[in-house]
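J.: Per the working numbering, the very first residue in the sequence shown carries number 1; after that it's consecutive.
Virtual Cβ for every residue (Gly too), placed ideally from N, Cα, C.
Here's a structure for you.
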Amino acid sequence: MRSISKISILLIAILFAQFSWANDSREYRKIRVDNYQIAVDADPAWDWRVTWKNGNRVFVYATPEFYYPPANISVLHFPNEEMPKNALDMRAYSLGVIESVAKKYGVEPPIRGVSLKRRGVLLGYEVDLSVESKESKDIKIFIARTSEGDVMSLIAETLPGKISHLEPAITRSWENIIFLKKDS
């Protein structure tokens, strides 16, 4: 009886190890947008496009049609806007932008739960919010300073209560942003 339980435990451990490994090794595509490259899940392949909003190029990518939970992620890079280097000024700047974005979703200040986060070459402030409106949703807002010192805004949207389900895809994407040399 004792050897059966050891074998059972070993099999369960192997299954968890395989699931964990597969979860961390999902393939992604590297897509170039202006002077940066971003990773987007390739299996299943997420849809993506580049659009314009208020004179800025926006990289938008979304889950495939039958993926659950459905999600949209937008990335705006502001190469001509410099993020303050000083920690207090950087926080104040980021909170101002986060509050401005949150207002567009109908969330009024004060915004709670904002935290400092490093995602690859990006350093900034991030918050998860639940939007209660005619179209309820969860959003993640990340306002970051790039390795070049300028500003990047990353926003993920999904169904209520599902933002944590997207975290692995968000992590793969946002932590694999690379800024390219201007002449490449």
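At the 7 Å Cβ level, is ARG119 part of the contact set with chain B, yes or no?
T.: Included in the structure is just one protein chain, with no chain B present.
J.: Considering just the uninterrupted stretch of the alpha helix (DSSP H) at GLU167, what are its terminal residues?
T.: Looking at the DSSP string, the run of the alpha helix (DSSP H) that includes GLU167 is 163 to 174.
J.: Compute the distance between the beta-carbons of ALA71 and LEU166, then report whether it is under 7 Å.
T.: Yes; because the gap between Cβ atoms is below 7 Å, this pair is in contact.
J.: Among the residues of its own chain, which have a CB less than 7 Å from the CB of THR171, if the five just before and after it don't count?
T.: Same-chain partners within the cutoff: there are none.
J.: On the three-state DSSP scale, how would you describe GLU135?
T.: In the structure shown, GLU135 sits in coil (DSSP, three-state: anything other than H, G, I, E or B).
J.: May I ask you to report which of helix, strand or coil DSSP gives TYR36?
T.: Three-state DSSP puts TYR36 in a strand.
J.: List the endpoints of the continuous alpha helix (DSSP H) containing LYS104.
T.: 87 to 104 is the extent of the alpha helix (DSSP H) around LYS104.
J.: Run the CB neighbour count on LEU129, radius 10 Å, all protein chains shown included, and call it buried at 16 or more, exposed below.
T.: With 16 or more other Cβ atoms within 10 Å, it is buried.
J.: How many Å lie between VAL60 and LYS30 at the Cα?
T.: Rounded to whole angstroms, VAL60 to LYS30 spans 14 Å at the Cα level.
J.: Note the first and the last residue of the continuous beta strand (DSSP E) segment covering TRP46.
T.: Where TRP46 is concerned, there is no enclosing beta strand (DSSP E), given that its DSSP letter is neither H nor E.
J.: Could you round the C-beta distance between MET152 and LEU122 to whole angstroms and report it? I think they count as a contact, below 8 Å.
T.: Right, their Cβ atoms sit about 6 Å apart.
J.: Following the continuous beta strand (DSSP E) through GLU82, name the residue where it begins and the one where it ends.
T.: Segment 71 to 82, the beta strand (DSSP E) holding GLU82.
J.: Can you tell me which residues form a DSSP beta bridge with ASN56?
T.: BP columns for ASN56 point to LYS53.
J.: Do TYR125 and VAL107 have their CB atoms nearer than 7 Å?
T.: The answer is no: Cβ separation not under 7 Å.
J.: Quick check on the burial criterion: 16 or more other C-beta atoms within 10 angstroms. Buried or exposed for GLU157?
T.: The residue is buried, with at least 16 neighbouring Cβ atoms inside 10 Å.
J.: Return the first residue and the last residue of the beta strand (DSSP E) that ASP117 is part of.
T.: The question names Asp, but residue 117 in the sequence shown is Lys. Looking at the DSSP string, the run of the beta strand (DSSP E) that includes LYS117 is 115 to 119.
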